[in-house]
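Novice: In the numbering used here, the protein residues as written are 291 to 696.
Sharing a structure below in structure tokens format, with a few things to ask.
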Ligand code: RFL
Ligand code: PHB
């Protein structure tokens with residue numbers, strides 16, 4: 291792209307790239323603190339809302355939604371889960387997450403709904419989000435004049451800023467703009483995917499997510515409300531959605547659950563069906579001069595354990611606190627938070643990576659699982675549901691590890 295003299299110049303304090311949950315939540319927390327931010331998003335609002343992803347929120351994420359004044363939706367429609375169910379060897383076992391963690395819970399409330407609530411708050415406050423921005427690029431984040439350039443409606447725009455927040459997901463431009471050698475990437479790609487189906491039918495297990503291990507592969511029963519269900523089955527990563535009729539999906543799901551639950555599943559036409567590959571990924575560090583990465587831009591977890599969106603929220607918690615401290619709170623300004631952001635965020639990220647990797651390894655059928663591997667998984671699961679110590683490890687990771695305050 292050539293940059294012409296007609297470039298329109300604008301300025302903000304924090305330029306946020308990406309209007310997914312990370313970018314929108316950061317924008318809202320900064321707005322509440324009186325810090326000016328503009329969000330640049332390459333897709334349309336409908337496209338962003340059409341991506342069906344996460345469904346389970348940790349308490350710290352729900353608390354952040356309240357802190358950002360967007361908690362009304364989750365309070366009214368979120369469904370609190372006190373336990374988690376594991377199916378293996380054809381039997382279902384409940385784990386009392388609430389009891390094992392001294393009263394902690396998770397809440398079933400969709401990423402779509404979180405995003406919708408944040409978008410509504412942003413537009414009610416009259417804040418700027420530039421949707422359908424083209425050719426977004428980031429500049430001089432290791433120098434003194436950081437800026438974001440993009441095209442909107444055929445016009446070149448340069449957004450000058452103090453900081454750039456890279457909230458632009460795994461395929462975004464921010465991490466990709468960091469010079470090779472300045473970033474270390476750790477990655478594990480799994481040899482299967484998840485086929486997900488959304489349907490307007492009552493969930494088979496409204497009070498707990500069900501994670502299933504079977505010789506046929508992994509399965510998951512989740513929900514978006516008391517009338518909308520979200521189910522998944524492990525599938526070959528190169529399968530096509532077209533290979534999976536609704537009937538084939540429901541038949542396969544039933545075969546992977548215990549007979550009682552299988553019997554109770556209410557089926558209906560799918561309203562969304564998609565295949566997601568599974569990956570573990572971490573980029574270190576998460577700060578490059580005045581560019582900060584947050585959420586999926588810096589890390590990916592396989593969805594087993596429901597940590598992706600929650601990690602995005604904890605990054606944003608650390609980053610917003612750091613920026614608020616930098617611009618001054620109660621008359622005091624400090625760069626301490628921005629200097630330690632990467633280290634603090636990564637400490638929590640690696641623990642969630644470990645949990646998601648472990649639960650993925652325990653629950654899925656791998657090419658080399660075989661009959662012996664299947665028995666090993668079942669033996670570990672048997673131990674897990676019968677040992678209070680082992681169940682507590684699962685429970686405290688599932689509800690979310692604490693945020694560190696400093
Ligand atoms: P997102 O949601 O990918 O948003 C990034 C935004 O940036 C935009 N973008 C750009 N904008 C401008 N210029 C560019 N060059 C850009 N490039 C990209 C994109 O259009 C997009 O709007 O990242 P964010 O905000 O960090 O949020 C992360 C979460 O979306 C993700 O971690 C979760 O969805 C993961 N996840 C789950 N997380 C949970 O905590 N609980 C769950 O139950 C859970 N279930 C899931 C999941 C992810 C799944 N998939 C499909 C991977 C279930 C699945 C199936
Ligand atoms: C979901 O509801 O989409 C969901 C729930 C739990 C997971 C992953 C996804 O571990």
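Yeah, the Cβ is synthetic: ideal placement off N, Cα and C, and Gly gets one too.
Note that the structure is predicted; figures quoted are calculated from it, not measured.
Could you spell out the range, first to last residue, of the beta strand (DSSP E) harbouring residue 479?
Specialist: 474 to 489
Novice: Taking residue 325 as the reference, give the member of 383, 452, 427 with the closest Cα.
Specialist: 452
Novice: Flag residue 596 as yes when its Cβ comes closer than 7 Å to any non-hydrogen atom of the ligand PHB, and as no otherwise.
Specialist: yes
Novice: Mind checking which residues open and close the beta strand (DSSP E) that includes residue 375?
Specialist: In the DSSP assignment, residue 375 falls within the beta strand (DSSP E) that extends over 373 to 378.
Novice: Check whether the Cβ of residue 551 sits closer than 7 Å to any heavy atom of the ligand PHB, and report yes or no.
Specialist: no
Novice: Do residue 632 and residue 666 count as a contact pair if the criterion is CB distance below 8 Å?
Specialist: no
Novice: Check whether the Cβ atoms of residue 616 and residue 628 lie closer than 8 Å to each other.
Specialist: yes
Novice: Residues in the same chain with beta-carbon distance under 6 Å from residue 319, minus the five sequence neighbours each way, listed in chain order, please.
Specialist: Cβ within range, chain order: 358, 610.
Novice: Closest by CA to residue 558, which one among 570, 384, 480, 488?
Specialist: 488
Novice: Using the beta-carbon count (16 or more within 10 Å), is residue 292 buried or exposed?
Specialist: Confidence in residue 292 is poor, its pLDDT being 47 and thus under 50, which makes the residue's placement too unreliable to answer from.
Novice: Per DSSP, residue 578 is paired with what?
Specialist: 581
Novice: Whole angstroms is fine: what's the gap from residue 600's alpha carbon to residue 348's?
Specialist: 6 Å
Novice: May I ask you to verify whether the segment 444 to 460 touches the segment 576 to 590, counting CB pairs closer than 8 Å and requiring at least 3?
Specialist: yes
Novice: I'd like to confirm something about residue 510: is its beta-carbon nearer than 7 Å to some heavy atom of the ligand PHB, or not?
Specialist: yes
Novice: So does residue 593 have its beta carbon nearer than 7 Å to some heavy atom of the ligand RFL?
Specialist: yes
Novice: Could you work out which residue in 514, 414, 335, 308 is closest to residue 366 when comparing CA atoms only?
Specialist: 514
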